[in-house]
Amino acid sequence: MNNILFVASECAPFIKTGGLADVVGSLPQALKQYEKQEVRVILPLYDEMDENWKNKLEYIGSFDVELGWRTQEAHILTLTYNQIIYYFISNDYYFTRKGIYGYYDDGERFVFFSQAVIEALKHLDFKPQILHGHDWQAGMAIALANILKPIDGMKTVFTIHNIQYQGVMPLDIYEDFFHIGREHISGMEWNRMLNCLKSALFHADKITTVSPSYAEEIKNPYYSEGLHQMLENRSEDLVGVINGIDIREYNPSSDPSLFVNYRSARSKKKENRLKLQQKIGLPYKEESPLYIIVTRLVEQKGLHLVQHIMDEFLEKDVQFIVLGTGDAEFEGYFSALQHRYPDKAAALITFDETLARQLYASADFFIMPSKFEPCGLSQLIALQYKTVPIVRETGGLKDTISPYNVLTGEGNGFSFANYNAHELLNVLDYSLEIYNNPAEWQKLYKNVTKSQFSWKDSAHQYVTIYESLSRELVYG
Ligand code: GLC
């Protein structure tokens, strides 16, 4: 039996800002199928978490966390959801705030969380053989697990969901945080800064990331955010495992958010579209295909490319809707676009899960031209709702979407290689051409309806990783 403890800063359905929460939420559910693995999850307890969840929490105990010359109290609480046990670390000073990130002391907040996780291991009736950390917020927990060895023989796995965020702080606060010798600084510093992600890459027994292509890309300076050498050094312990999604959760035949449920009938997608466009006030045009973007409005998502060519593309007989919030630059751009093309474009500058699902159900095409994309979940959700993804060939997008090929009739979407606006425009034009050719469109649509990325295979790969580490434990 493997006991595995996930350490993360967010987890659906309790608290979510992005794809990390979806993965930390759904992977333990998928691993539940394997009798020999018991996964539990430990998270910070944010004030922001919904009262309904808070009311279900039970208190386990309290302890002190020494942060250099200061002491902070931590409390552990727990709840069980869908047969998985979740632990929450509470501390008023660090986590009773609005939202979950974006504070000047985020680094310190998650160093505290990481130290509290290590301390909590002494107080739980669950002794993990494997501590599995996700992203930089859990990085120091992985480093400290290796340095302090709180549980005999416990191994560590660290998953990179996005190498862009590393949790970087001035080095001179090392002594304010840690009770470990200065000899450990070299494993924790990068460019004379304390770096949580690098610390985990240095200390983890195994490193995973969320797609095989991204595992290769991050060894390359264009994608590595400075850490390519580090990853090159550890390449024997680095693997890419593609994320899955919860296919019961994202299921158009039962999703209560939709106007009309469907399995794959295009006529039903059109009914959804009609209702959606009435709701948001974009005139419905039966003949023009609907292209959508649903994303955080940030540079990573390739929005500069979209900005460059959307006026030109909207000259064609198409409609376009974007949903999301983010950088003012993009929010402003899309709002202005709607203003210029009131009959063709709509900008929904909001984060609304119901609206997002209604969009996936209504659209013909989903545009995701990311500059980099460790895995990407939205293209997988689009496939579930029978919406054709148009992506840039990077990271997980490359590993999940294969371009439609008229010669073989294979492919579940469209893609382009270089981060170049006109390559995007060309592929958008090409997608329209295929759409207007009923025979080709039908073949593509059929491929899309058959394309599905559940957790089944990927969960199995994680099990293999855990088992290889626990074998090391047994055989030394
Ligand atoms: C991050 C990545 C995204 C990935 C998600 C879950 O949000 O940017 O590509 O799908 O983590 O692993």
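Per this note's numbering, residue 707 is the first one in the sequence shown, and the count goes up by one each step. All C-beta atoms in this analysis are idealised placements derived from N, C-alpha and C, irrespective of residue type, glycine included.
State the CB to CB distance for the pair residue i and residue j, rounded to an integer number of angstroms; the pair is presumed to be in contact (CB under 8 Å).
| i | j | result |
| --- | --- | --- |
| G1184 | I1096 | Absent from the structure is residue 1184, since the part of the chain shown begins at 707 and ends at 1182. |
| I710 | E744 | 7 Å |
| V1094 | V1154 | 6 Å |
| L1083 | N949 | 6 Å |
| S1176 | N708 | 5 Å |
| H867 | G893 | Contact flag wrong, Cβ pair sits at about 22 Å. |
| S820 | A847 | 4 Å |
| L749 | Y787 | Contact flag wrong, Cβ pair sits at about 12 Å. |
| V1169 | L737 | 7 Å |
| D1023 | E992 | Contact doesn't hold; Cβ gap of about 11 Å is too wide. |
| D1105 | P918 | 6 Å |
| F1071 | G1030 | That pair is no contact at about 16 Å. |
| Y1188 | E923 | Look at the range of the chain in this structure, 707 to 1182, and you will see that residue 1188 is not part of it. |
| L982 | Q1090 | Actually they are not in contact, since the Cβ atoms of L982 and Q1090 sit about 17 Å apart, beyond 8 Å. |
| D882 | L773 | 7 Å |
| N967 | S973 | N967 to S973, Cβ: 13 Å. No contact. |
Which of helix, strand or coil does DSSP assign to residue i?
| i | result |
| --- | --- |
| Q1044 | helix |
| H1128 | helix |
| G1182 | Confidence is the limiting factor: at G1182 the pLDDT is only 48, short of 50, which leaves the residue's position unreliable, though a coordinate-based value still follows. It is coil, neither helix nor strand. |
| K1074 | Here residue 1074 turns out to be Met, not Lys, going by the sequence shown. It is a strand residue. |
| Y800 | helix |
| I948 | coil |
| Q735 | helix |
| N1118 | coil |
| A1123 | coil |
| V729 | helix |
| P927 | helix |
| V747 | strand |
| N939 | helix |
| R1177 | helix |
| Y809 | coil |
| E779 | strand |
| P958 | coil |
| Y1168 | helix |
| Y1141 | helix |
| Y968 | coil |
| Y793 | strand |
| K1104 | helix |
Starting from the C-beta of residue i, find all residues in its chain whose C-beta is less than 8 Å away, skip the five residues before and the five after it, and write them out in chain order.
| i | result |
| --- | --- |
| T723 | E716, I806 and Y807 |
| I1087 | I951, Y956 and Y1066 |
| A1062 | V1000 and L1029 |
| A1165 | L733, A736, L737, Q739, Y740 and G950 |
For the alpha helix (DSSP H) that residue i lies in, which residues bound it at each end?
| i | result |
| --- | --- |
| P894 | Looking at the sequence provided, one finds Met at residue 894 rather than Pro. Unbroken alpha helix (DSSP H) run through M894: I891 to M894. |
| S973 | R972 to I986 |
| V1154 | P1144 to K1156 |
| K760 | E757 to K760 |
Beta-carbon within less than 7 Å of residue i's beta-carbon, same chain only, minus the 5 sequence neighbours each way: which residues are those?
| i | result |
| --- | --- |
| G1182 | The predicted position of G1182 is uncertain, since its pLDDT is 48 and thus under 50; a value taken from the coordinates is nonetheless stated next. There are no such residues. |
| P734 | F712, V745, V747 and I790 |
| W1147 | I1140 and Y1141 |
| V1004 | G1032 and D1033 |
| R803 | D753 and Y809 |
| K833 | N709 and I857 |
| S941 | K925 |
| L1131 | I1015, E1018 and F1019 |
| A921 | T915, L944, V945 and G946 |
Hey, quick one: how far does the beta strand (DSSP E) through residue i stretch, first residue to last?
| i | result |
| --- | --- |
| D770 | E764 to L773 |
| Q789 | That residue, Q789, is in no beta strand (DSSP E); it is neither H nor E in DSSP. |
| N708 | N708 to V713 |
Step through the CB atoms of chain B and report whether any lies within less than 9 Å of the CB of residue i.
| i | result |
| --- | --- |
| M1074 | The structure shown contains no chain B, having only a single protein chain. |
Keeping to the same chain, check which residues put their C-beta closer than 6 Å to that of residue i; ignore five residues upstream and five downstream.
| i | result |
| --- | --- |
| M875 | G813 and L900 |
| I986 | A1052 |
| E1129 | F1122 |
| F1026 | Y997 and A1051 |
| P1109 | G1117, F1120 and S1121 |
| Q843 | S715 and F816 |
| I766 | I782 and T784 |
| W896 | K904 |
| R969 | S959 |
| P989 | D1049 |
Kindly provide the ranges of any beta strand (DSSP E) runs that are 3 or more residues long and lie completely inside the region 813-858, ordered along the chain. 836-840
Any beta strand (DSSP E) of 3 or more consecutive residues that is wholly inside the region 989-1041: 996-1000 and 1025-1029
Unbroken stretches of the beta strand (DSSP E), 3 residues or longer, contained in the region 862-918: 874-876, 899-901 and 912-915
Within the region 1050-1100, ranges of the beta strand (DSSP E) (whole runs, at least 3 residues): 1051-1054, 1071-1074 and 1094-1098
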